[in-house]
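> Can you keep this structure in mind? I'll have questions shortly.
Chains as they are written, first to last, in this note's numbering: chain A, 298 to 682; chain B, 14 to 361.
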């Protein structure tokens with residue numbers, strides 16, 4: 298399988314008053330086309346920051362220090378270096394080629410706009426030309442079918458509309474509609490564009506199995522339950538059929554039965570839309586349910602990457618083993634990891650895990666372990682291997 | 014084993030007010046008729062989805078909230094409980110019944126009696142980030158119960174606090190710190206130390222590990238296990254994670270929409286669930302084992318609103334086995350084998 302995203306030597310630091318926080322250190326990670334890659338790790342291990350770095354959304358005072366994130370665009374068949382793009386180009390990728398589902402669906406939706414408006418916005422921003430083409434088609438149909446005195450009166454207006462939408466469909470940022478969209482009252486002349494977007498929104502909501510999508514589209518976020526909101530957010534993320542969907546703990550705030558519905562939905566999305574999914578979670582059970590490959594992170598570094606079966610049945614890195622042992626399972630004694638999570642301000646030298654590692658060796662304290670491919674598709678960063 | 018906490022037909026309804034005069038127009042039936050007995054030394058796990066009334070049940074059981082109706086007996090001998098039941102069955106408002114209730118039923122306790130009861134039952138809240146006062150030092154947070162209950166004073170409080178903190182795995186050098194200087198796991202340890210201060214017999218935990226990481230969660234669970242044997246405690250443990258309940262609890266109660274639908278020992282409840290809801294809940298729980306991916310049941314729909322529960326069995330709109338009977342009447346919690354109870358007309 299070819300790679301969709303190639304992350305190389307990514308380093309993210311936060312310059313805070315207390316000192317420099319090393320959020321991500323020399324991260325190498327590939328996301329393949331059509332796979333679900335899970336990132337698991339504890340709080341503060343840099344899972345979310347990895348996702349935000351791909352989208353270049355690292356909040357202040359964080360900064361991407363070095364590294365590269367290359368994205369292989371299928372439509373243009375060209376490799377794009379995301380970290381070097383201009384902000385305008387980046388905006389055309391966010392929500393279009395790469396989109397994200399955030400942890401808290403209540404916080405990801407704007408409370409003062411309807412669900413429909415918020416999803417339509419994605420289409421109006423990224424699919425304007427397509428919407429223009431469809432709107433023109435509709436006006437042309439009216440022109441050819443229309444008969445009677447009302448149609449005769451409206452005909453000049455329809456001709457003007459057809460020309461207008463044709464401009465939107467053919468040019469990337471035409472002058473006349475752009476001016477119209479800025480003028481209050483006049484911007485209503487572009488209503489057909491919004492209408493087309495609304496139609497697409499409703500079909501999108503139907504896609505994520507929301508019952509009665511037409512009604513939900515005109516409701517506000519507070520009218521919906523947590524599971525419904527998350528479905529709406531997923532619909533928004535899938536609106537432009539992205540090549541990569543980043544899901545940042547999408548099921549953490551949901552109940553088990555709703556979570557099961559969501560996981561089913563994610564599995565279907567992958568099959569139906571052929572999108573790659575980067576699934577960030579701290580729940581190992583969830584990771585084993587949906588992912589094809591899993592990456593384990595600890596204190597800003599990658600510990601292990603392997604297929605799900607390999608990771609859960611034959612874990613190699615001591616941290617992965619400890620993490621799996623800490624999951625409560627019936628009939629098994631609960632193992633704990635001694636010590637606390639590494640301090641991101643003053644990370645331990647060498648391997649980040651060595652103060653808590655049961656099999657730490659002297660050279661673990663000085664030298665950081667490089668990622669090594671132990672067996673096919675099983676990469677580990679540990680001096681033991 | 015004697016029964017420590019006996020909850021009978023407990024109801025807690027929260028009024029919904031409306032109109033100009035804020036008159037009650039309805040009620041959220043958070044807990045709607047729960048009968049539950051917790052034996053001394055038991056670790057009872059209460060599982061269910063959010064909004065099913067788990068937290069309300071715990072807060073009502075330790076009498077932070079006054080129940081709408083029902084009885085809560087805390088460490089009351091069997092003969093007195095049967096006497097009260099008998100007097101109630103007669104349906105007369107005798108003075109004997111009133112005085113028995115005032116002395117034994119938490120619902121009718123006076124505030125003075127409640128105050129001394131609080132020493133024996135404690136609650137640990139869900140979110141350690143909001144349950145500790147940010148403006149109090151750790152020594153004051155943990156030492157406060159001593160002062161309130163006038164158990165210790167002065168220097169004795171300090172030594173007792175140090176002892177408690179070292180018991181839950183914190184060093185005495187951290188006494189002068191404020192809650193924000195601690196991590197989530199440490200804060201939960203502080204909350205546990207505070208609950209232990211008055212040497213209670215019963216502690217209710219309201220999802221104590223849901224805000225914590227897996228490795229920290231394991232530490233806390235092991236700590237709870239050790240404390241339980243050391244102090245001979247009885248736990249009511251609320252969780253929405255079935256794996257935790259299955260691995261640590263001695264007895265499980267599954268709640269759905271304000272009612273207990275199934276009770277039993279973990280091996281019975283989880284391996285041979287008899288209520289369709291428990292079965293779906295177990296099947297929906299993700300297990301970190303990629304070989305167990307198959308055979309999942311995805312439950313359609315969502316939990317109905319407790320303000321407007323469906324008639325009959327509350328689960329029937331989502332149940333695959335529902336019949337007309339489920340729509341019309343409500344199943345009672347009945348023993349199905351030994352101490353395995355199920356509230357279903359068509360158990361699996």
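No residue lacks a Cβ here, since even glycine has one placed at the ideal position from N, Cα and C.
#1: Please list the terminal residues of the continuous beta strand (DSSP E) segment that includes residue 85(B).
#2: In the DSSP assignment, what are the bridge partners of residue 14(B)?
#3: Measuring CA to CA, which of 531(A), 537(A), 373(A), 625(A) is closest to residue 563(A)?
#4: If you follow the beta strand (DSSP E) that residue 269(B) is part of, which residue opens it and which one closes it?
#5: Given a threshold of 16 other Cβ atoms within 10 Å of its Cβ, counted over all protein chains shown, does residue 251(B) qualify as buried or as exposed?
#6: Consider the Cβ of residue 196(B): report whether some Cβ of chain A lies at a distance smaller than 8 Å.
#7: Can you tell which of 88(B), 172(B), 142(B) has its C-alpha closest to the C-alpha of residue 134(B)?
#8: Could you spell out the range, first to last residue, of the alpha helix (DSSP H) harbouring residue 147(B)?
#9: Of all the options 573(A), 508(A), 349(A), 634(A), which has the alpha carbon lying nearest to the alpha carbon of residue 308(A)?
#10: So which residues on chain B does residue 332(A) lean against when the C-beta distance must stay under 8 Å?
#11: Report the neighbours of residue 311(B) on chain A: residues whose CB is nearer than 9 Å to its CB, in chain order.
#12: Using a Cβ cut-off of 8 Å, which residues of the segment 323-348 of chain A contact any Cβ in chain B, in chain order?
#13: Determine the direct distance from the alpha carbon of residue 533(A) to that of residue 415(A), and round the result to whole angstroms.
#14: Residues of chain A with CB under 8 Å from residue 257(B), in chain order?
#15: Would you mind reading off the limits of the alpha helix (DSSP H) that contains residue 570(A)?
#16: State the Cα-Cα distance for the pair residue 387(A) and residue 643(A), rounded to the nearest angstrom.
#17: Rounding to the nearest angstrom, what Cα-Cα distance links residue 164(B) and residue 269(B) in this structure?
#18: Check whether the segment 232-247 of chain B and the segment 309-319 of chain B are in contact - that is, three or more C-beta pairs closer than 8 Å.
#19: Please confirm whether residue 227(B) has its beta-carbon closer than 8 Å to some beta-carbon of chain A.
#20: Grab me the residues of residue 343(B)'s own chain with a C-beta within less than 7 Å of its C-beta, minus the 5 sequence neighbours each way, in chain order.
#21: How is residue 363(A) classed by DSSP in three states: helix, strand or coil?
#22: Among 323(B), 291(B), 273(B), 333(B), whose alpha-carbon lies nearest the alpha-carbon of residue 24(B)?
#23: I'd like to know if residue 629(A) contacts chain B, where contact means its C-beta is closer than 8 Å to some C-beta of that chain.
#24: Name, going along the chain, the residues of the segment 581-613 of chain A whose beta-carbon falls closer than 7 Å to a beta-carbon of chain E.
#25: May I have the straight-line CA-CA distance separating residue 108(B) from residue 114(B), to the nearest angstrom?
#26: Under the three-state reduction of DSSP, which class applies to residue 354(B): helix, strand or coil?
#27: Applying the criterion that 16 or more other CB atoms from any shown protein chain within 10 Å of the CB defines a buried residue, is residue 189(B) buried or exposed?
#28: Please list the partners that residue 62(B) has in chain A, where partner means a Cβ-to-Cβ separation under 9 Å.
#29: Quick one: grab the DSSP three-state call for residue 242(B).
#30: Touching or not, the segment 386-400 of chain A and the segment 366-373 of chain A, by the rule of three or more beta carbon pairs under 8 Å?
#31: Would you check if there are 3 or more beta carbon pairs closer than 8 Å linking the segment 25-44 of chain B to the segment 67-85 of chain B?
#32: Just list the alpha helix (DSSP H) runs in the segment 451-498 of chain A, keeping only unbroken ones of 4 residues or longer that don't cross its boundaries, in chain order.
#33: How far does the beta strand (DSSP E) with residue 274(B) in it reach, from first residue to last?
#34: Identify whether residue 573(A) lies in helix, strand or coil by the three-state DSSP scheme.
#35: Output yes or no for whether 8 Å exceeds the beta carbon distance between residue 623(A) and residue 335(A).
#36: Report the neighbours of residue 301(B) on chain A: residues whose CB is nearer than 7 Å to its CB, in chain order.
Answer, in terms of the structure:
#1: 82-87
#2: Answer is none; residue 14(B) lacks a bridge partner.
#3: 531(A)
#4: 264-269
#5: buried
#6: yes
#7: 88(B)
#8: First-last for residue 147(B): undefined, no H or E at that position.
#9: 349(A)
#10: Chain B residues near residue 332(A): none, gap ~14 Å exceeds 8 Å.
#11: 554, 557, 558, 560, 561
#12: 339, 340
#13: 8 Å
#14: 625
#15: 553-570
#16: 33 Å
#17: 40 Å
#18: no
#19: yes
#20: 325, 326
#21: strand
#22: 273(B)
#23: yes
#24: Within the model displayed, chain E is absent; protein chains A and B are what it includes.
#25: 10 Å
#26: strand
#27: exposed
#28: 552, 553, 554, 555
#29: helix
#30: yes
#31: yes
#32: 472-479
#33: 272-277
#34: strand
#35: no
#36: 581, 582, 585, 609, 621, 624
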